[in-house]
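See below for the structure under consideration.
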Amino acid sequence: MTDRAAVIAAEQRAVDHAYECRARAERDRRAQVAAPSTATDAKAGTSIIPDVPPELAATGDLGDAALVTGRVEFVEDGTERSLLIGRQSVFGPNRDLVVANWASRLVRQWMVATPADPGDLLLRRQLRCHGRMVRDYFDQLSVARKRVTPEDGAAERVEPVPAQRSESPEEEIERLRDYLLDDLGRARDGAMRDIVETIQRAQYLLVSDERTGALVVQGGPGTGKTAVGLHRVYYLVFNNVFATGDVLVVGPHKGFLQHVRDVLPRLGTRGVALAERDRLWGKADAHDPLAARLVKSSARMAEVLRGGVADFGGRRALTRLLSDGEFRLVYQGVFLAVPQAELESLLTWESGPYRAQRPAFGNRLVDLLVEAYRAVRPGPLDPGLRKQLERHPQVQKVVNSVRPQLSAEQVLRALLTDADVLNRAAEGILDDEDQRAILRERRARMSDEPWSLEDRICLDELRFLLTGDVPVRYRHLVVDEAQDLTPMQARALARRCPSGSMTVLGDLAQASGLHRWDTWDDLAKVLTGSREWHLEQLSVGYRVPREVMELVAPLATAVAPDVVFPTSIRPAGEDAVTFVETTSEDLIARANERARALTDEQRSVAVVVPDGLVDAARDGMDEGVRVLRAEECKGLEFDHVIVVEPADVADRRPGGLGLLYVALTRCTQSLTVVHARPLPRELAPSVGKEEAPMPTPMADFAAVLEKTVAVERECHVHESVRYSLVAELHASRMSPDPASSIADLVCDSPAGRVLYEVLGENGHRYRAMREAVLRLMEVERVTGEPADHRAVVLPQPPEQPWSAEVLREVFGVSVIWKDGTGWQGDPIVPSRRSPGTDFGERGIGEDGSPIPRLLATSR
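Taking the numbering used here, the leading residue of the sequence shown gets 10, the next gets one more, and so forth.
What follows is the structure, given as structure tokens:
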């Protein structure tokens, strides 16, 4: 017997013992539950079932999943010990632990150990089991052992010997590649599997993260972020951080929930709520035009809704009830008056629900009336005075007018159907075009008003404003595909989880929603408010073939240039990517032909089509082939994917490129692109066409830069800063060129060519500044025109005071910004006289014209 065979045989004996212990515990549990008891319930007259220890409770059917997934050897009190790891805890007849649950805190210390920091770990071994049969094994981590004999004659001790250096993530993945690929090669049946057998250290660190606040996981296609989120739920429930009823999992669509619904029960957790994101607010019975959706889903709408509530009554209603600037009342022959200014001071609404403002206003009004009464008739007050004033018709009229009873539907209906109401509520928030976009005709009855998805989210916001109530609150929230949340959805989810404890999963490069989040920081602040949150990134892709990821890399960069693009470990060969060019009439036929060639009894095939081809595809596709709109494939995975007419998907606004990136990265085996239109530039349109030469790498790179610049120029902050600089340069009689599709701004000055990189929102942070330096170098390389001077232009003073100095000293790049007094920072172009002390002082150019100080110092 070979050494490897001997190891497998030994592991098989240990696994057999574990199954025997599990079977014995199950028999004992059943016998204990079934045994009659002499104790009875006095009221019901029935036997009382004795308490059952948790480890003896029903553990559920493992199905074809293996009980045991690995084994560790470790040191305990100087002695070597061994323990199996698996999906369930198993105890022996003497209550000794035979199999430790993979999610226990005991196991965590071994799962996150590294060769350089092994702790008490000696060996961490993965076992490849089919049910109870051990097929293979792989040693993830093996640590040298040092045996120490104490001088006092005590028993020999064993100590782990840390390695001199720890493996990099890439080296670790390289060792595990074949083992992982064996599992990844298994056919997909449309349902998500757990990753207990193949979970990697980087994933386990996130699964077992117990830090308070929100954990934000950025991960590209195939990095396992959804699995991390679901396994984290199990970990937190298993370790009693939360109960199952405390947790809500929010997915992007119904198909996604069907895809993942069995993962938690298979792990052993039942009772966790799963919800389709857009159904959290009720079923929509209308659909808004895009312009209206963009306005209603923006953060500005929350301010408009608050203004709409305040507009019902308030100062306008109060003014109508006053006489000569006073509220006047005659009570028992006494003339009482309260000045308008005092009443208006009672209308301030800073916090708390509107419902609480109504009695508060009434109580303060009565207080003022009592004070006025006391001023006329000093002395002891009638005990019934307050109550009688509260019931006075004029007082009630003021309260009902200034703080009327309101419903969310009433307020939203008024905002959306009355131009005057909307204009007052949206003053300074929405411009005329935005207001026109959301106005509509009023239906005859409130019950007839149609409510779109965006309307229902606004109603949710209004109900909270009015009453402070939230439909259901959870202690922990898992949000997948979070990059597609709108600001209004994020606000509503935050209200459902007041603790701020969340697992937020997504990929900014896959963004295809109404709102584009530039950074996770922006979204996390909405979800968590001022509470703590942490950002982690998964950078290794396991599912999508490497050839597919290489194809879509420019696409991902165009959508989210600052996001780490994952490195795929999954090669699939020459047939991983296929392009089929055809006519528009034959698109569906060619897609079906390809699907038929790929379909077998084990492999799953999906055809992803743009909206306009859905009906034709579903009618023309063979049975067994799943046809999906691009939006419907988020979070799903299939063995083979066929994407039809990607240009149509890319053309969708907003978010078409992100949606195309999603569609192209759903496969585990192969991707086929069937098209009649030219492919989007980000996919290198000549791929697969013999008559057209392949674009050069530099041409591809230039296209990526152009796309990045185009995206930046959609940012109002960026463009405001850029054109402010253009105006300043023109005022100095320079001729800046803002028309470049690659560079933000180029200016030929008396001191040479100046290249500017302008930053938009959050550009004052060092990370953005450092990335801007790289962009300047890229622009110089692509254009082939080196600059004499380079500068990074910020929207506000740098967040870290030292950052401007670092860019100047380390990279030779100047930093400038504009504040309330003018331009500040480093001057970057020489002049004929010594530089001044600020940007307001000017030098003299070669033509005698003044040069602002940002152009007026020596190199």
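Yeah, the Cβ is synthetic: ideal placement off N, Cα and C, and Gly gets one too.
Next item on the list: Report the rounded CA-to-CA distance for Pro124 versus Pro563, giving the unit in angstroms.
Entry: 36 angstroms
Margin query: Tell me the rounded alpha-carbon separation between Val339 and Leu390.
Written below: 17 angstroms
Check: Closest to Gly238 by CA distance: which of Thr207, Asp457, Asp203, Ala252 is it?
Finding: Asp203
Check: Shortest alpha-carbon distance to Phe321 belongs to which of Ala300, Phe344, Arg364, Ser332?
Finding: Arg364
Note to self: Taking the alpha-carbon of Asp620 as reference, which of Ala581, Gly665, Thr608, Pro580 has the nearest alpha-carbon?
What the structure shows: Gly665
Checklist line | Closest by C-alpha distance to Met630, when choosing among Arg612, Leu645, Thr608 | finding: Thr608
Notebook entry, point to check: In or out: Phe473 buried (at least 16 other Cβ within 10 Å) or exposed?
Noted result: buried
Check: When the Cβ atoms of the stretch 574-588 are set against those of the stretch 547-557, are three or more pairs found closer than 8 angstroms?
Finding: yes
Item checked: Inter-residue CB distance, Leu136 and Arg90 (contact presumed, cutoff 8 angstroms) -> That belief does not hold up - the Cβ atoms of Leu136 and Arg90 are roughly 17 angstroms apart, past 8 angstroms.
Note to self: So, for Gly128: in the same chain, excluding its five sequence neighbours on each side, which residues have a beta-carbon less than 7 angstroms away from its beta-carbon?
What the structure shows: Gln118, Ala122
Next item on the list: For Ala19, name the three-state secondary structure that DSSP assigns.
Entry: helix
Item checked: Close beta carbons around Glu646, own chain, < 7 angstroms, minus the five adjacent residues each side -> Arg197, Arg552, Arg675, Thr677
Note to self: Check whether chain D comes within 9 angstroms of Gly280, counting only Cβ atoms and requiring the distance to be less than that.
What the structure shows: Protein chain content of the structure displayed is limited to a single chain, and chain D is not contained in it.
Notebook entry, point to check: Would Thr55 be called buried (16 or more neighbouring beta carbons within 10 Å of its own) or exposed?
Noted result: With a pLDDT of 36 at Thr55, under the threshold of 50, the modelled position of this residue cannot be trusted; read the value that follows with caution. It counts as exposed.
Next item on the list: Leaving out five residues on either side along the sequence, give the residues of the same chain with a beta carbon under 7 angstroms from the beta carbon of Leu331.
Entry: Gln349
Next item on the list: Please work out which residues of its chain come closer than 8 angstroms, Cβ to Cβ, to Gly761, disregarding the five sequence neighbours upstream and downstream, and give them in chain order.
Entry: Ala796, Asp797, His798, Val838
Notebook entry, point to check: Which of the three DSSP states, helix, strand or coil, is assigned to Ile466?
Noted result: helix
Note to self: Taking the alpha-carbon of Arg540 as reference, which of Ser548, Val269, Arg220 has the nearest alpha-carbon?
What the structure shows: Arg220
Check: How far does the beta strand (DSSP E) with Ile651 in it reach, from first residue to last?
Finding: 647-653
Checklist line | Distance, Leu257 Cα to Ala172 Cα | finding: 42 angstroms
Notebook entry, point to check: In chain order, what residues of the same chain lie with their CB nearer than 7 angstroms to the CB of Leu785, ignoring the 5 residues before and after it?
Noted result: Leu764, Glu766, Arg799, Val822
Notebook entry, point to check: Who does Asp148 pair with in a DSSP beta bridge?
Noted result: Arg134
Notebook entry, point to check: So, do the stretch 724-734 and the stretch 745-761 have three or more beta carbon pairs nearer to each other than 8 angstroms?
Noted result: yes
Check: Under three-state DSSP, which class holds Leu439?
Finding: coil
Note to self: Just to check my reading of the structure: Arg33 and Pro102 have Cβ atoms closer than 8 angstroms, yes? What is that Cβ distance to the nearest angstrom?
What the structure shows: 7 angstroms
Check: What span of residues does the alpha helix (DSSP H) with Met786 cover, start to end?
Finding: 775-792
Margin query: Using 8 angstroms as the cut-off, can you tell me whether the stretch 376-385 makes contact with the stretch 430-437, which would need three or more C-beta pairs spanning the two stretches below that distance?
Written below: no
Notebook entry, point to check: With 16 other CB atoms within 10 Å as the buried threshold, where does Gly854 fall?
Noted result: Per-residue confidence for Gly854 stands at a pLDDT of 42, beneath the threshold of 50, marking its modelled position as unreliable; no derived number is given.
Next item on the list: Classify Arg337 as helix, strand or coil using the three-state DSSP reduction.
Entry: strand
Item checked: 8 angstroms contact criterion, which Gly277 and Gln97 should meet: CB distance rounded -> 7 angstroms
Checklist line | Which of helix, strand or coil DSSP assigns to Glu168 | finding: strand
Margin query: Rounding to the nearest angstrom, what Cα-Cα distance links Phe251 and Pro230 in this structure?
Written below: 29 angstroms
Item checked: Ranges of the beta strand (DSSP E) found wholly within the stretch 670-697, counting only runs of at least 3 -> 676-684
Note to self: Buried or exposed for Pro575, going by 16 or more other Cβ atoms inside 10 Å?
What the structure shows: buried
Notebook entry, point to check: Just checking, does the stretch 478-494 make contact with the stretch 451-467 on the three C-beta pairs under 8 angstroms criterion?
Noted result: no
Item checked: Under 9 angstroms between C-beta atoms of Leu425 and Leu439 -> no
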